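Colleague:
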Amino acid sequence: MTAEGEPVYGTVTEQTLNIMHAVTKTLNRAGASLNDVVRVQVWLSDMKYFAEFNRAYGSFFHEVYPSRTVTSSTLAFGMDVEIEIQATNPGNK
6 MTAEGEPVYG TVTEQTLNIM HAVTKTLNRA GASLNDVVRV QVWLSDMKYF
56 AEFNRAYGSF FHEVYPSRTV TSSTLAFGMD VEIEIQATNP GNK
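Position one of the sequence shown corresponds to residue 6 (our numbering), numbered consecutively onward.
#1: Using only the heavy atoms of the ligand MN, determine whether one of them is closer than 7 Å to the beta carbon of Arg-34.
#2: If you compare alpha carbons, which of Gln-91, Leu-49, Tyr-62 is closest to Ser-78?
#3: If contacts are defined as beta-carbon pairs under 8 Å, then Thr-76 and Val-43 qualify, I think. What distance do you get, rounded to the angstrom?
#4: What does DSSP give as the partner residues of Gln-20 in its beta bridges?
#5: So Glu-57 is in the alpha helix (DSSP H); what residue range does that whole segment cover?
#6: Assuming Phe-58 and Val-17 make a contact with CB atoms under 8 Å, what is their CB distance in whole Å?
#7: Rounded to whole angstroms, what's the CA-CA distance from Thr-21 to Gly-63? Just pull it up for me.
#8: Which stretch, first to last residue, makes up the beta strand (DSSP E) that contains Ser-50?
This is the structure:
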């Protein structure tokens, strides 16, 4: 989604990269990073996209991957990828 809340269409790779870059920025604003992610829920419009999604997603995590669930479902706005992330905030003690 854009800052204005509009969907950003493209390939599964493009959608995944866009989402993960946005997540990274949001985490950074909160004083956290992808290293603080503990759980990820992913929805794909079709499981046939899993390999393409996984290649793009995997480029953001190294060595330690957070817990993740991937399911398929019809997604809003005709998108192919939706990602929900839960993270701890090391600066919020």
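Backbone N, C-alpha and C define an ideal beta-carbon position, used for all residues, glycine too. Small disclaimer: the values here were computed from a predicted structure and weren't measured.
Modeller: In brief:
#1: The ligand MN is not among the ligands present in this structure, which contains no ligands whatsoever.
#2: If you number the sequence shown from 1, residue 78 lands on position 73. Minimum Cα distance to Ser-78 is reached at Leu-49.
#3: By one-based count along the sequence shown, residue 76 stands at place 71. By one-based count along the sequence shown, residue 43 stands at place 38. About 19 Å; that fails the 8 Å criterion.
#4: Within the sequence shown, the letter at position 15 stands for residue 20. For Gln-20, which the question treats as bridged, DSSP gives no partner whatsoever.
#5: Stepping through the sequence shown from its first residue, residue 57 is reached at position 52. Run containing Glu-57: 55-63, per the alpha helix (DSSP H) assignment.
#6: By one-based count along the sequence shown, residue 58 stands at place 53. By one-based count along the sequence shown, residue 17 stands at place 12. Contact holds; Cβ gap of about 5 Å.
#7: Here the question's residue 21 lines up with position 16 in the sequence shown. Here the question's residue 63 lines up with position 58 in the sequence shown. Taking the straight line from one Cα to the other gives about 10 Å.
#8: One-based indexing of the sequence shown puts residue 50 at position 45. Run containing Ser-50: none; DSSP gives neither H nor E here.
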